[in-house]
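Novice: Structure incoming, see below.
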Amino acid sequence: MSIRFKDVNGVFMQMEDEIASICSVIGAVWAGAKAMTATSGPGFSLMQEGIGYAALTETPLVIVNIQRAGPGTGQATRVASGDLMQAKWGSHGDYYIIAFSPWSVQEMYDQTVDAFNLAEQYRVPVFLMGDEAIGHLRERIEVKATLKVFNRTKKPGAPPFGTNQDNGIPPMPAFGEGEKILVTGSTHNEIGIRKTDDPETHSRLVNRINKKVLNNQDKIIQTESFYLEDAEVIIVSYGFTARSSLFAMDQLRKEGKRVGLLRLKTIWPFADKIIHEIGGVARKIFVPEMNRGQIIGEVMKYSACEVVPYSQTDGEIIHPHQIMKELRSIL
0 MSIRFKDVNG VFMQMEDEIA SICSVIGAVW AGAKAMTATS GPGFSLMQEG
50 IGYAALTETP LVIVNIQRAG PGTGQATRVA SGDLMQAKWG SHGDYYIIAF
100 SPWSVQEMYD QTVDAFNLAE QYRVPVFLMG DEAIGHLRER IEVKATLKVF
150 NRTKKPGAPP FGTNQDNGIP PMPAFGEGEK ILVTGSTHNE IGIRKTDDPE
200 THSRLVNRIN KKVLNNQDKI IQTESFYLED AEVIIVSYGF TARSSLFAMD
250 QLRKEGKRVG LLRLKTIWPF ADKIIHEIGG VARKIFVPEM NRGQIIGEVM
300 KYSACEVVPY SQTDGEIIHP HQIMKELRSI L
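Under numbering that gives the first Met the number 0, the residues of the sequence shown are numbered 0 to 330, in order.
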């Protein structure tokens, strides 16, 4: 990618560590660029303070996290999906982000475009939560001739941290364009002035940066469904594991088993409405995860039926036959 950047007038920078990387991305965005960085679990941990700063300053950036087996250094070249809770709650305080869970090389490409568009539209950090299996996968992809690109809203003279618009998303200026800009990670008012001793200002700011995502969940959440209409057991899956889930579902349906699949293309905001719907009609929901169960709690929260977990933390992908074996035991 670094080699290709010069062909599209892009800039590639190698920083000394992940803390410098996230801070450089924030600076590049406020200079008017669209910017991203990439890392894995330990680097994602180091970026958390910067992510919180980006959330409060409403800095639209993209981070690709190719998850690996942890905690700690763990298995640096093995697969896992153990950073999903960290993606949402990794930094301190109340804020909201958007997180994708791609299952293919094509989707890594497509969702990178989506990630930048949503970051720019909602002025939030957006994450692509890939994993080692996707990171090392080679597949043919379709590179689209034209792309739908969203560029941040600009309104000269308008406050960069407050708005009267119902969507709660203020326009975003850039340094060097003639605007007077104050950017701080402390509580601030609509024009960026620190107000760390003002309860009303803090409450208004925190509520707005959360609601601008929460109030638009239906526009942000992406899912894909298979045979939900007649399914007795529905698999809720995401990322690379969803590929195994799809194969297992197809094989079991050939045996006459009424199995369906709901694939979560976005993890955060969580697809609570559709989980509530399927949890009211299915007999059971099966959730296979390459972690100790980081999404199953969300599924159980919104589902009325029995939710069955399957956790694997050995650094290997969950194979279709493992899912088939577990499903046969609960059908």
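From the three backbone atoms N, C-alpha and C, an ideal C-beta is built for every residue, glycine too. This structure is a prediction, so every number in the text was calculated from the model and none was measured.
Is residue 217 buried or exposed, if buried means 16 or more other CB atoms sit within 10 Å of its CB?
Specialist: exposed
Novice: Which of the three DSSP states is assigned to residue 147 in this structure?
Specialist: coil
Novice: In the DSSP assignment, the beta strand (DSSP E) including residue 270 goes from what residue to what residue?
Specialist: Where residue 270 is concerned, there is no enclosing beta strand (DSSP E), given that its DSSP letter is neither H nor E.
Novice: Between the alpha carbons of residue 275 and residue 180, how many angstroms are there, rounded?
Specialist: 44 Å
Novice: To the nearest whole angstrom, what separates the beta carbons of residue 210 and residue 121, a pair I think is in contact under 8 Å?
Specialist: 11 Å between Cβ atoms; not a contact.
Novice: Pairing CB atoms from the segment 133–146 with CB atoms from the segment 181–192, are three or more of them under 8 Å?
Specialist: no
Novice: Three-state secondary structure (DSSP) at residue 125?
Specialist: strand
Novice: DSSP state of residue 188, grouped into three classes?
Specialist: coil
Novice: What are the uninterrupted segments assigned as beta strand (DSSP E) that are 3 or more residues long and contained completely in the segment 6–70, given in chain order?
Specialist: 35–38, 61–68
Novice: Just the C-alpha distance for residue 250 and residue 278, rounded to the nearest angstrom, thanks.
Specialist: 23 Å
Novice: In angstroms with no decimal places, state the Cα-to-Cα distance between residue 327 and residue 304.
Specialist: 18 Å
Novice: Since residue 14 contacts residue 23 with CB under 8 Å, what's their CB separation in whole angstroms?
Specialist: 6 Å
Novice: Along the beta strand (DSSP E) that carries residue 284, what are the first and last residues, could you check?
Specialist: 283–288
Novice: Take residue 264 as the anchor and find which of 101, 85, 17 has the nearest alpha-carbon.
Specialist: 101
Novice: Evaluate residue 20 with the Cβ neighbour count: other Cβ atoms within 10 Å of its Cβ, from every protein chain shown; 16 or more gives buried, anything less gives exposed.
Specialist: buried
Novice: In three-state DSSP terms, what is residue 246?
Specialist: helix
Novice: From which residue to which residue does the beta strand (DSSP E) around residue 312 run?
Specialist: It is not in any beta strand (DSSP E) - residue 312 carries neither H nor E in the DSSP assignment.
Novice: Do residue 243 and residue 319 come within 8 Å of each other at the CB atom, strictly closer than that value?
Specialist: yes
Novice: Could you name the residues of the same chain whose beta carbon sits closer than 6 Å to that of residue 178, not counting the 5 residues immediately before and after it, in chain order?
Specialist: 172
Novice: Determine contact between the segment 124–132 and the segment 55–70, defined as no fewer than three beta-carbon pairs at a distance below 8 Å.
Specialist: yes
Novice: Quick check: the Cα distance between residue 293 and residue 176, rounded to an integer number of angstroms?
Specialist: 43 Å
Novice: DSSP on residue 230, reduced to helix/strand/coil?
Specialist: coil
Novice: Cutting at 8 Å between CB atoms, please list the residues of its own chain near residue 393, excluding the five before and the five after it.
Specialist: What is shown of the chain runs 0 to 330, which leaves residue 393 out entirely.
Novice: Could you round the C-beta distance between residue 232 and residue 283 to whole angstroms and report it? I think they count as a contact, below 8 Å.
Specialist: 5 Å
Novice: In terms of residue numbering, what span does the beta strand (DSSP E) encompassing residue 222 cover?
Specialist: Unbroken beta strand (DSSP E) run through residue 222: 222–225.
Novice: Looking at the strands, I want to know which residues DSSP matches up with residue 236.
Specialist: Answer by DSSP bridge pairing, in chain order: 262.
Novice: Leaving out the 5 sequence neighbours to the left and right, which residues in its chain are closer than 8 Å to residue 138 when beta-carbon positions are compared?
Specialist: 103, 104, 105
Novice: What three-state label does DSSP hand residue 306 in the structure shown?
Specialist: strand
Novice: Using a C-beta cutoff of 8 Å, does residue 167 count as contacting chain B?
Specialist: The structure shown contains no chain B; it is built from a single protein chain.
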